[in-house]
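Engineer: One point on numbering: in numbering that gives the first Met the number 0, the residue at position 138 of the sequence shown is 137, and numbering is uninterrupted. Ideal placement from N, C-alpha and C gives every residue a C-beta, glycine not left out.
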Amino acid sequence: MPSRKETTRHHARDIKLKEKIKKCKEHRKLRKMRKESGTPAGIPQTLETLRTLDETVTAKDDPDLVAEEEVDEVCPIYRGEKSPKILLTFSDRVCPRTVGFCKELVKVIPNIKLAARWHLPLKKIIPKAITHGFTALIVINEDQKRANTMVMSHLPHGPTVTFRLSNVRLRREMRGRRRVKDIEPDIVPHLITTRFTTRLGRRTERLIGALFPNESRQAPEGHSRTVVFHNQRDFIFFRHFRYQHRVAGASDPQEPGKERIAMNE
0 MPSRKETTRH HARDIKLKEK IKKCKEHRKL RKMRKESGTP AGIPQTLETL RTLDETVTAK
60 DDPDLVAEEE VDEVCPIYRG EKSPKILLTF SDRVCPRTVG FCKELVKVIP NIKLAARWHL
120 PLKKIIPKAI THGFTALIVI NEDQKRANTM VMSHLPHGPT VTFRLSNVRL RREMRGRRRV
180 KDIEPDIVPH LITTRFTTRL GRRTERLIGA LFPNESRQAP EGHSRTVVFH NQRDFIFFRH
240 FRYQHRVAGA SDPQEPGKER IAMNE
């Protein structure tokens, strides 16, 4: 029969701590021996290194893909023949937090207009949006008082894509946020999209880029805001940076979460 000391919770914790210390000492000893022997360090195993290579990954200069992009639905915007004009709305009876999220998007995307739904079906909103010259329609939906999906449709003939939203954080929910007057919504931001390498990724990248004017895709000279869409593990991470120009030719990048919305789409 075990003694009382061996069955106590504190004794079990001490045993676990001693085993952990012993394991760390062995690990440091093996690491020191490896360094002395000159064996190169191994490559850490991550989700990216263990991921099976996607066969649909294409080069940026693929002739077939370039030919398709020259005649797709958003090519007039990329050519500069048409300026993007976005209509933003939300589902009926949304909570104030979802409305606040839509107001954050208005500060990020230039030339965007926020309009209330007023119980109108989309089949009535879309023809009016086309008549008024809007090039895209964005609808924010919520579930249990949280924004969960974003539907983006390019007008007039599509395509339409749906993104699932997660980890959405507003400016007021972040520490050290900037004041409203410190954000320049009228300044065209510099757009950065990374790691959209597959055919579907390239398609998604162009649809997202069509929300921003051509000035966003040019050299970042003179920009004080930067919008980043980073694709990783089939998740699109969104960041909004602000630059403060202190001396001539130099800028200090800041991420005043303040406008940073972690979107998982």
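Which residue's Cα is closest to the Cα of Phe211: Thr197, Val227 and Arg198?
Structural biologist: Val227
Engineer: Distance check for Glu67 and Arg202, CA to CA, integer angstroms please.
Structural biologist: Here the alpha carbon of Arg202 sits roughly 10 Å from the alpha carbon of Glu67.
Engineer: Mind reading off the beta-carbon distance from Leu113 to Lys102? Whole number of angstroms is fine, and I expect it under 8 Å.
Structural biologist: 7 Å
Engineer: Is the separation between the beta-carbon of Lys81 and that of Phe133 shorter than 8 Å?
Structural biologist: no
Engineer: Between Glu72 and Gly200, which are expected to be in contact by the criterion C-beta below 8 Å, what is the C-beta distance as a whole number of angstroms?
Structural biologist: Glu72 to Gly200, Cβ: 17 Å. No contact.
Engineer: Are Thr57 and Leu64 closer than 8 Å when you measure CB to CB?
Structural biologist: yes
Engineer: Which runs of the alpha helix (DSSP H) spanning at least 4 residues fall entirely within the segment 52-78, listed in chain order?
Structural biologist: Look at the segment 52-78 and you find these whole runs of alpha helix (DSSP H), each 4 residues long or longer: 62-68 and 74-78.
Engineer: Does at least one heavy atom of the ligand COA sit under 7 Å from the Cβ of Gln143?
Structural biologist: Within the structure as shown, the ligand COA is missing, as the structure has no ligands at all.
Engineer: Which residue or residues does DSSP assign as beta-bridge partners of Ile42?
Structural biologist: Ile42 is not bridged to any residue.
Engineer: Secondary structure at Ile108, three-state DSSP: helix, strand or coil?
Structural biologist: Looking at Ile108 - three-state DSSP - the assignment turns out to be coil, as it is neither helix nor strand.
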